[in-house]
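Position 218 (the sequence shown) corresponds to 217 in numbering that gives the first Met the number 0; numbering is contiguous.
Structure first, commentary second.
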Amino acid sequence: MNSINFVKTGSIARITLSKAPLNILDIEDLLRLSALFAKFKTQKDVKAIIIESDQKIFSAGVNVAEHTKENINRMLKAFMAIFFNMLEVSIPTISLVKSDCVGGACELALFCDFVLTDEKAKFSLPEIKLGCYPPAALAFLPYIVGNKRALEIILTGKTLSAKEALDLGLVNQVFPTENFEAEAENYINNLVSLSPSVIRTTIAAYKRMHYNKIRKKLELAEKLYFEELMLLDDALEGTNSFLEKREPVWTGR
0 MNSINFVKTG
10 SIARITLSKA
20 PLNILDIEDL
30 LRLSALFAKF
40 KTQKDVKAII
50 IESDQKIFSA
60 GVNVAEHTKE
70 NINRMLKAFM
80 AIFFNMLEVS
90 IPTISLVKSD
100 CVGGACELAL
110 FCDFVLTDEK
120 AKFSLPEIKL
130 GCYPPAALAF
140 LPYIVGNKRA
150 LEIILTGKTL
160 SAKEALDLGL
170 VNQVFPTENF
180 EAEAENYINN
190 LVSLSPSVIR
200 TTIAAYKRMH
210 YNKIRKKLEL
220 AEKLYFEELM
230 LLDDALEGTN
240 SFLEKREPVW
250 TGR
């Protein structure tokens, strides 16, 4: 059993995070996600791509243990490749989020075209507390919530409830937890009942009109992460303190 499972049922493709207990994503998981989205660029028989979890939470994010000097180049390139590939997919992407959605997984979920959650969903980008920042969110979050809100979310690492995320425009729908699966399936079925060729053409046009700026900002975020952030002593201290289960000692360097 893979930690990232892929099943296509009829015209609906499902990517399921299945890595007990917290769906912590390592480099190999990121590469698999990137490869899946690369394939979707040319698929014509898929009407919707669902990203979901079969664990108690959506995901606790990317594996901090791999966020080291030795691995960061490979990790970040694998992570950012997911978003670059998603930019070129004209099939609707829909994330189904229950419970905690953290860090890199939060960036992945929020980058989907549609985000459906239950009432208990919680979103957070806590990277700043580990001496780094969420590079993809740095690029795209201001386009969703505006500059001031985006910077507040990124610099505080605060956790947002499902309602707060809805009010900010981060998610499309919040469904009652007890009816979440049924409500989400109904939402998806309504979407795939429309003309797939028109949907694809509309998404492609929308992305060409609005996402070129995001692509350039994603490229810049990746470059600055390598060339500036990872040269800071505090960036290394953040990772080390987390792995050593202690409070970070910031030096300001």
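Note that beta-carbon positions come from the ideal geometry of N, C-alpha and C, so glycine has one too.
{"query": "Helix, strand or coil for PHE139 per DSSP?", "result": "helix"}
{"query": "Anyone know if the C-beta pair for ALA135 and GLY156 falls short of 9 Å?", "result": "no"}
{"query": "Under three-state DSSP, which class holds PHE57?", "result": "coil"}
{"query": "Indicate whether the contact test is met: 3 or more Cβ pairs, each with one atom in the stretch 208-225 and one in the stretch 57-64, closer than 8 Å.", "result": "no"}
{"query": "Any chance the stretch 190-207 sits against the stretch 135-152, with 3 or more Cβ pairs inside 8 Å?", "result": "no"}
{"query": "So what's ASN62 in DSSP terms, helix, strand or just coil?", "result": "coil"}
{"query": "With a floor of 3 residues, list each beta strand (DSSP E) that falls wholly inside the stretch 154-232, ordered by position along the chain.", "result": "158-160, 172-174"}
{"query": "With distances taken between CB atoms, is the gap from THR92 to ALA164 smaller than 9 Å?", "result": "no"}
{"query": "Between LEU230 and SER123, what straight-line distance do the alpha-carbon atoms span, to the nearest angstrom?", "result": "25 Å"}
{"query": "In whole angstroms, what separates the C-alpha of TYR132 from that of LEU109?", "result": "16 Å"}
{"query": "Answer with buried or exposed for LYS18, where buried requires no fewer than 16 other C-beta atoms within 10 angstroms of its C-beta.", "result": "buried"}
{"query": "Three or more C-beta pairs under 8 Å: does that hold for the stretch 221-235 against the stretch 161-179?", "result": "no"}
{"query": "At the level of alpha carbons, what is the spacing between PHE139 and ASN211?", "result": "11 Å"}
{"query": "Please list the segments of the beta strand (DSSP E) lying wholly inside the stretch 76-150, counting only runs of 3 or more residues, in order along the chain.", "result": "92-96, 99-101, 113-117, 121-123"}
{"query": "Quick check: what's the CA-CA separation for ILE11 versus LEU193?", "result": "13 Å"}
{"query": "Beta carbon of LYS121, beta carbon of SER160: below 9 Å?", "result": "yes"}
{"query": "Bridge partners of SER52, per DSSP?", "result": "LEU16"}
{"query": "Using a Cβ-Cβ cutoff of less than 6 Å, which residues in the same chain neighbour SER58 once the five nearest sequence positions on both sides are dropped?", "result": "LEU16, ASN22, ALA104"}
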